[in-house]
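Novice: If you scroll down you'll find the structure; I have some questions about it.
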Amino acid sequence: MSLPPRCSFSPDMYTPDYDPRHANDSPFSFDGEFGLDGRTLPFRTCETPRAYGTPFQDRRLPLLGLSDWDPNFRDDEDDPTCIYYDIEWKLQLKKGRLSKLVEITEENLTLAPSAYWDKFLSVELAATARDKLPEPRYEPDETTVVVSVEKRSERNMRKRFDVLIVDWKTIEDKLRGWAPLFREGNKLRIYISFVYKEVIQPAAATTRSRGRGATGR
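Quick note: the sequence shown uses our numbering, first residue 38, plus one each step.
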């Protein structure tokens, strides 16, 4: 026969002046579960952990969405209210070998990476690709992302995605997990490589195929 879970009681869960055998003798009514000051009394069970502790230690730093983000806000570096990170992104061209066309660094970002991509980075990447990539036309091939924290004991997270379809939730979850390290003063960085490749036109592909066939004979 299974026994019910054992409860562990702490001193603050016991009131010496209270005896459950004489609960009905109290001149105060607790039917509504309210204390003398009108607030609800805390109710504890064996399964429910204590909900209070040190608020500062328990507070998690957030990544800001567009609705919470203010580009003009200046935070306290010693006591930040959200996560800060850097993005170093580069545009690369795959044509025989991989060549770097552009490399740009954005520092002290507070907007969540997914929101930053939607509002800023995707637009800047498209404009840079139009300006830097030569004819014939090129298209996105893959995107590689490395998330790192400035602490030797922590390993970088490396991810590869097709074209420009990045799982930003995975990236943001990693940043949130490193929030305590960021609070200690360790820098967070995201390295992104956007790799483009040549778009093979049907006519060009046919010509190349014929050329290889003639050489083979």
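For every residue, glycine included, the Cβ atom is placed at its ideal position computed from N, Cα and C. Computed from a predicted model, the values in this text were never measured in an experiment.
Which residues share a DSSP beta bridge with Glu-125?
Specialist: Walking along the sequence shown from the start, residue 125 turns up at place 88. Residue pairing for Glu-125: DSSP places it in a beta bridge opposite Thr-142 and Tyr-228.
Novice: Tell me whether the beta-carbon of Leu-130 lies closer than 8 Å to the beta-carbon of Val-139.
Specialist: Here residue 130 is taken as the residue at index 93 of the sequence shown, counted from 1. Here residue 139 is taken as the residue at index 102 of the sequence shown, counted from 1. Contact flag unset, no.
Novice: Going by DSSP, what residue range makes up the alpha helix (DSSP H) through Asp-210?
Specialist: Here residue 210 corresponds to residue number 173 of the sequence shown, with the count starting at 1. Here the alpha helix (DSSP H) through Asp-210 covers 205 to 214.
Novice: Would DSSP call Asp-116 helix, strand or coil?
Specialist: Within the sequence shown, residue 116 is the residue found at index 79, counting from 1. Asp-116 falls in the coil class under three-state DSSP.
Novice: What would DSSP say about Thr-165, mapped onto helix, strand or coil?
Specialist: Indexing the sequence shown from 1 puts residue 165 at position 128. Thr-165 falls in the helix class under three-state DSSP.
Novice: Using DSSP's beta-bridge definition, name the partner residues of Phe-198.
Specialist: The sequence position of residue 198 within the sequence shown is 161, counting from 1. Bridge partners of Phe-198: Thr-180.
Novice: By a C-beta neighbour count over all protein chains shown, 10 Å radius and 16 as the cutoff for buried, is Leu-158 buried or exposed?
Specialist: Taking the sequence shown and counting its residues from 1, the one referred to as residue 158 is at position 121. Leu-158 comes out buried.
Novice: Taking DSSP as the reference, what is the three-state secondary structure of Leu-170?
Specialist: The sequence position of residue 170 within the sequence shown is 133, counting from 1. Residue state, collapsed to three classes: coil.
Novice: Less than 6 Å between C-beta atoms, sequence neighbours within five positions excluded: which residues of the same chain meet that for Leu-103?
Specialist: What you label residue 103 is simply residue 66 of the sequence shown in a count that begins at 1. Here the set comprises Ala-152.
Novice: Below 8 Å between beta carbons: does that hold for Leu-225 and Phe-231?
Specialist: Translated into the one-based positions of the sequence shown, residue 225 becomes position 188. Translated into the one-based positions of the sequence shown, residue 231 becomes position 194. Not a contact, by the Cβ cut-off of 8 Å.
Novice: State whether the stretch 107 to 122 contacts the stretch 134 to 149, with contact taken as three or more CB pairs (one from each stretch) at a distance under 8 Å.
Specialist: They touch, by the three-pair rule.
Novice: If the criterion is Cβ atoms closer than 8 Å, does the pair Lys-137 and Tyr-175 meet it?
Specialist: In the sequence shown, residue 137 corresponds to position 100, counting from 1. In the sequence shown, residue 175 corresponds to position 138, counting from 1. Not closer than 8 Å, so no.
Novice: Is the CB-CB distance between Ile-120 and Leu-98 below 8 Å?
Specialist: Residue 120 sits at position 83 when you count from the first residue of the sequence shown. Residue 98 sits at position 61 when you count from the first residue of the sequence shown. Contact flag set, yes.
Novice: Is the separation between the beta-carbon of Val-184 and that of Leu-212 shorter than 8 Å?
Specialist: As a working note, residue 184 is residue 147 in the sequence shown. As a working note, residue 212 is residue 175 in the sequence shown. The Cβ atoms of Val-184 and Leu-212 sit closer than 8 Å to each other.
Novice: What number of angstroms, rounded off, separates the C-alpha of Asp-210 from the C-alpha of Leu-162?
Specialist: Here residue 210 corresponds to residue number 173 of the sequence shown, with the count starting at 1. Here residue 162 corresponds to residue number 125 of the sequence shown, with the count starting at 1. Cα-Cα distance, rounded: 24 Å.
Novice: Name, in chain order, the residues that DSSP records as bridge partners for Val-186.
Specialist: As a position in the sequence shown, residue 186 is number 149, starting the count at 1. The partner list for Val-186 (beta bridge, DSSP) reads Leu-225.
Novice: Could you compute how far the alpha carbon of Asp-204 sits from the alpha carbon of Phe-198?
Specialist: Here residue 204 refers to the residue found at position 167 of the sequence shown. Here residue 198 refers to the residue found at position 161 of the sequence shown. Near 8 Å, if we compare the C-alpha coordinates of Phe-198 and Asp-204.
Novice: What residue does the alpha helix (DSSP H) around Pro-150 start on, and which one ends it?
Specialist: Locating residue 150 in the sequence shown gives position 113, where the first residue counts as 1. Taken as a continuous stretch (DSSP letters only), the alpha helix (DSSP H) holding Pro-150 covers 150 to 153.
Novice: Below 8 Å CB to CB, which residues in the same chain sit around Gln-238 once its five sequence neighbours on both sides are set aside?
Specialist: In the sequence shown, counting from the first residue as 1, residue 238 sits at position 201. Correct list, in chain order: Pro-173.
Novice: Using 10 angstroms around the beta-carbon of Thr-180, count the other beta-carbons present and answer buried if the total reaches 16, otherwise exposed.
Specialist: What you label residue 180 is simply residue 143 of the sequence shown in a count that begins at 1. Buried, because 16 or more other Cβ atoms sit within 10 Å of the Cβ of Thr-180.
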